[in-house]
Amino acid sequence: EMKVLESGGGLVQPGGSLTLSCVASGFTFSDYAMSWVRQAPGNGLEWVSILHNDAATSYYADSVKGRYTISRDNSKNTLYLQMKSLRAEDTAVYYCAKFWGSEHYNYHMDVWGKGTTVTVSS
Amino acid sequence: QSVLTQPPSVSGAPGQRVTISCTGSSSNIGAGYDVHWYQQFPGTAPKLLIYGNSNRPSGVPDRFSGSKSGTSVSLAIIGLQAEDEADYYCQSYDNSLTAYVFGTGTRVTVL
Numbered sequence: 123e124m125k126v127l128e129s130g131g132g133l134v135q136p137g138g139s140l141t142l143s144c145v146a147s148g149f150t151f152s153d154y155a156m157s158w159v160r161q162a163p164g165n166g167l168e169w170v171s172i173l174h175n176d177a178a179t180s181y182y183a184d185s186v187k188g189r190y191t192i193s194r195d196n197s198k199n200t201l202y203l204q205m206k207s208l209r210a211e212d213t214a215v216y217y218c219a220k221f222w223g224s225e226h227y228n229y230h231m232d233v234w235g236k237g238t239t240v241t242v243s244s
Numbered sequence: 085q086s087v088l089t090q091p092p093s094v095s096g097a098p099g100q101r102v103t104i105s106c107t108g109s110s111s112n113i114g115a116g117y118d119v120h121w122y123q124q125f126p127g128t129a130p131k132l133l134i135y136g137n138s139n140r141p142s143g144v145p146d147r148f149s150g151s152k153s154g155t156s157v158s159l160a161i162i163g164l165q166a167e168d169e170a171d172y173y174c175q176s177y178d179n180s181l182t183a184y185v186f187g188t189g190t191r192v193t194v195l
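Taken in order, these protein sequences are the chains called A and B.
According to the working numbering, the first sequence is numbered sequentially starting from 123.
According to the working numbering, the second sequence is numbered sequentially starting from 85.
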């Protein structure tokens, strides 16, 4: 069974930093692009970032560009999201998701984790 | 801000058919990119419901049906059941944002 499991969430002060992790199992992690998606309390889903399987090609939502860095360690089947200069509006449940599709513009997310909660507050 | 627009809510009685629209623009749905749909129950992670406009992953009941015609995209639930009460999101790709985009989300209520 394909699974992903996030960790690393918590309470952080505005301007602070936090790193999330996502461990994958049940599939060949190095073959797939991976993504982070977040959901603020009471709001809808917001795509955050994608990292292709080459670990070199990444894209970010404008709302986090320059503050977040996505990375992966294919030897550890692990995806990371380093978050800096955190703001109150970054408060959300952060989901890790496996991307799948024939072309990058048709990618969809077929495996989701349960999420980890990040709260930015003083 | 979501670039794909969905109705905030739809409702129907058990057994009825309900449809959820997903409206985009020439830089996403209108560009020919696939649309995918996710189902989310409160307090849980989203689940892939429809991919590639109209394909159901294994295990998804056939009462869920996706369609795309030009720039018009919709999800239909045919024979609504109480357990279908959830939030539904569409998703596609936007070439002007170079980003994956979600719809605003639709809450389905079973009367």
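Virtual Cβ for every residue (Gly too), placed ideally from N, Cα, C.
If you're wondering where the values come from, they're calculated on a predicted model, not measured in any experiment.
query: Whole-Å CB distance - Gly-164 (chain A) paired with Leu-208 (chain A), under 8 Å assumed; result: With 8 Å as the limit, Gly-164 (chain A) and Leu-208 (chain A) do not qualify as a contact, their Cβ atoms being about 19 Å apart.
query: Neighbour list for Leu-132 (chain B) in chain A, Cβ cutoff strictly below 7 Å; result: His-230, Met-231 and Asp-232
query: Neighbouring residues, chain B, relative to Ile-192 (chain A) (Cβ below 9 Å); result: Here the premise fails: no neighbours, minimum Cβ distance about 13 Å.
query: Cβ-based contacts, 9 Å cut-off: residues of the stretch 163 to 189 of chain A near chain B; result: Asn-165, Gly-166, Leu-167, Glu-168, Trp-169, Ile-172, Tyr-181, Tyr-182, Ala-183 and Asp-184
query: Assigned secondary structure, Glu-168 (chain A) (DSSP; H/G/I helix, E/B strand, else coil); result: strand
query: Coarse secondary structure for Asn-137 (chain B), derived from DSSP in three states; result: coil
query: Cβ-Cβ distance between Ser-143 (chain A) and Thr-200 (chain A) below 8 Å; result: yes
query: Residue burial classification, Asn-179 (chain B) (beta-carbon count within 10 angstroms, cutoff 16); result: exposed
query: Classification of Gly-99 (chain B) by the beta-carbon crowding that lies within 10 angstroms, buried from 16 upward; result: exposed
query: Beta carbon proximity, Gln-175 (chain B) to chain D, threshold 8 Å; result: The chain labelled as chain D is not found among the protein chains of the depicted structure, namely A and B.
query: Neighbouring residues, chain A, relative to Phe-186 (chain B) (Cβ below 9 Å); result: Val-159, Gly-166, Leu-167, Glu-168 and Trp-169
query: Separation of Gln-161 (chain A) from Lys-198 (chain A), as counted between CA atoms; result: 26 Å
query: Pairwise C-alpha distance: Val-240 (chain A) and Pro-141 (chain B); result: 30 Å
query: Any chain B beta carbon closer than 8 Å to Gly-137 (chain A); result: no
query: Other residues of its chain near Thr-141 (chain A): CB distance less than 8 Å, five sequence neighbours each side excluded; result: Gly-130, Tyr-202, Leu-203, Gln-204 and Met-205
query: Enclosing beta strand (DSSP E) for Arg-101 (chain B) [first to last residue]; result: 101 to 107
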